[in-house]
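Using the numbering used here, the first residue of the sequence shown is number 0, and each one after it goes up by one. Backbone N, C-alpha and C fix where the C-beta goes; we use that ideal spot for every residue, glycine too. If you're wondering where the values come from, they're calculated on a predicted model, not measured in any experiment.
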Amino acid sequence: MLTARAAGEHAGGCAGRSAVVGWLCSIGPAAGKTLQLLVPGYTYDHSYWDFGHRPDRYSYIRSATRAGYATFSFDRLGAGRSSRPPALQVDVPTHAWTVHQLVTSLRAGRFGGSAFDKIALVGHSMGAAIAQVEASTYRDVDAVVLSDWLHTPLWRGTPQVPISSIPAQHDARFTDTPLGYVTTAPGTRRLIFYSGNVEDEVVAHDEATKQTGTLGEEHSVVPTVLPHVTRGIRAPVLLATGEHDALFCGPVSPCTDAATVRSREVGFFSSQACLTTYVLPGAGHNINLHRNSRDWLGEASRWIDAVLGKRATTPSPGCAGIRAGAGE
Numbered sequence: 000m001l002t003a004r005a006a007g008e009h010a011g012g013c014a015g016r017s018a019v020v021g022w023l024c025s026i027g028p029a030a031g032k033t034l035q036l037l038v039p040g041y042t043y044d045h046s047y048w049d050f051g052h053r054p055d056r057y058s059y060i061r062s063a064t065r066a067g068y069a070t071f072s073f074d075r076l077g078a079g080r081s082s083r084p085p086a087l088q089v090d091v092p093t094h095a096w097t098v099h100q101l102v103t104s105l106r107a108g109r110f111g112g113s114a115f116d117k118i119a120l121v122g123h124s125m126g127a128a129i130a131q132v133e134a135s136t137y138r139d140v141d142a143v144v145l146s147d148w149l150h151t152p153l154w155r156g157t158p159q160v161p162i163s164s165i166p167a168q169h170d171a172r173f174t175d176t177p178l179g180y181v182t183t184a185p186g187t188r189r190l191i192f193y194s195g196n197v198e199d200e201v202v203a204h205d206e207a208t209k210q211t212g213t214l215g216e217e218h219s220v221v222p223t224v225l226p227h228v229t230r231g232i233r234a235p236v237l238l239a240t241g242e243h244d245a246l247f248c249g250p251v252s253p254c255t256d257a258a259t260v261r262s263r264e265v266g267f268f269s270s271q272a273c274l275t276t277y278v279l280p281g282a283g284h285n286i287n288l289h290r291n292s293r294d295w296l297g298e299a300s301r302w303i304d305a306v307l308g309k310r311a312t313t314p315s316p317g318c319a320g321i322r323a324g325a326g327e
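Here it is, written out as structure tokens:
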């Protein structure tokens, strides 16, 4: 596997210039492959996509590269090895602008020397919120995968995210972070992000590798569920969730199967999105990290193959490559 560490300079909405650090991965040469650009969620960095515990089961990157794709994962501003600007400047619009800069650079071949003609934007949780803002605003990607982010964030689990947050400085790993940075309190991630269908070792590794978020992110993520955001996306969309996602699913907004989720979500997207939905049975919010996650990882690559293909030289069927609502 080829791994390149790339640092790009981006101003965005942040004062001064900020460094964003990312990793380009491919089995064999990346040139000519379809690229998956991976956006991590709140209090996660790039390692969500390349999980360190049992990576053959839980690494999205390992699954995607074995399926023939190149991937680019990165640490959002405010997390991991990327810069930590003032907290209120680190928000969803700034992240979307940063992703737009990454797309532009990846298409131009500025990272690793390979220019990518086909890019699928893949986001998890808040990363999916960022992805939908980017795709709606800039319309520069060829397909969009939104995992663990629906238009119904009002169930009882959603408030647990800010309630579980503590100032990052209270965690020994983040004592030098600026004011306004937060992380999750010890022992809360299982309740928020998982169902019972998870290994204890996964939760422990998640806790050990958790990252920071910002008050700017918390304040700016809510408007991303407004209908005009996703209706502006003009590329095919795959929307995926866990059956028992505590942040979005419950008695008033069940996620029992793909057809149920699609019936509730399809009105928030344009016909050009040819919305496809997928539900991972028995899973909570982090669908990459449950015992049956390989079912989901395989489905993601199959769907991207259907709409884009694995190579720049092969036709991109787009909506014609899938049945609207596939996965039901």
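| Item | Value |
| --- | --- |
| What is the DSSP secondary structure of GLN35, counted as helix, strand or coil? | strand |
| Does the distance from the C-beta atom of TYR47 to that of HIS123 stay below 8 Å? | yes |
| Excluding five sequence neighbours on each side, which residues of the same chain lie with their C-beta closer than 7 Å to the C-beta of ALA114? | ARG106, ALA107 and GLY108 |
| Could you give the distance in angstroms between the alpha-carbon of SER315 and the alpha-carbon of SER262? | 27 Å |
| Which ranges does the alpha helix (DSSP H) cover as unbroken runs of at least 4 residues, wholly within the segment 238-295, from first to last along the chain? | 257-264 |
| Assuming the contact rule is C-beta atoms closer than 8 Å, THR151 and PHE71 should be a hit. Round their C-beta distance to whole Å, please. | That pair is no contact at about 30 Å. |
| Between LEU87 and ASP175, what straight-line distance do the alpha-carbon atoms span, to the nearest angstrom? | 17 Å |
| Over the uninterrupted alpha helix (DSSP H) stretch that includes SER219, give me the two end residues. | 214-220 |
| Drop a sphere of 10 angstroms on the beta-carbon of ASP205, count the other beta-carbons inside from all chains shown, and report buried for 16 or more, exposed for fewer. | buried |
| Where LEU101 and ARG172 are concerned, what is the direct C-alpha to C-alpha distance, given to the nearest angstrom? | 28 Å |
| Would you mind sorting GLY11 into buried or exposed? The rule is 16 or more other CB atoms within 10 Å of its CB. | At GLY11 the pLDDT is 45, less than 50, meaning the model places this residue with poor confidence; the figure from the coordinates comes in the next sentence. Buried is the call here. |
| Taking C-alpha atoms, which residue in ASP294, SER300, GLN271 and GLU298 lies nearest to ALA319? | GLN271 |
| List the endpoints of the continuous beta strand (DSSP E) containing ILE321. | It is not in any beta strand (DSSP E) - ILE321 carries neither H nor E in the DSSP assignment. |
| If I follow the unbroken beta strand (DSSP E) through THR183, where does it start and stop? | 180-183 |
| For the segment 114-165, list the alpha helix (DSSP H) runs that are entirely contained and at least 4 residues long, ordered along the chain. | 125-137 and 159-162 |
| Only counting the same chain, and skipping five residues up and downstream in sequence, which positions put a Cβ closer than 7 Å to that of VAL220? | VAL91, MET125 and ALA128 |
| Using the Cβ count rule (16 or more neighbours within 10 Å means buried), how would you classify HIS227? | exposed |
| Terminal residues of the continuous beta strand (DSSP E) containing PHE71? | 69-73 |
| Using a Cβ-Cβ distance under 8 Å, would HIS284 count as near chain C? | Of the protein chains in the structure, only one exists, and it is not chain C. |
| How long is the line joining the alpha carbons of GLU200 and LEU23, rounded to whole angstroms? | 27 Å |
| Does DSSP put GLU8 in a helix, in a strand, or in coil? | Caution applies to GLU8, whose pLDDT of 42 falls short of 50 and renders its modelled position unreliable; the model cannot decide the point. |
| Can you check which of these residues, ALA245, SER163, HIS289 and ASP141, is closest to ARG233 by C-alpha distance? | ASP141 |
| Under the rule that 16 or more other beta-carbon atoms within 10 Å means buried, what is ARG16, buried or exposed? | exposed |
| Give me the Cα-Cα distance between GLU327 and ALA257, rounded to the nearest whole angstrom. | Annotation note: pLDDT 40 at GLU327 (below 50); position unreliable, coordinate value reported separately. Roughly 4 Å separates the two Cα atoms. |
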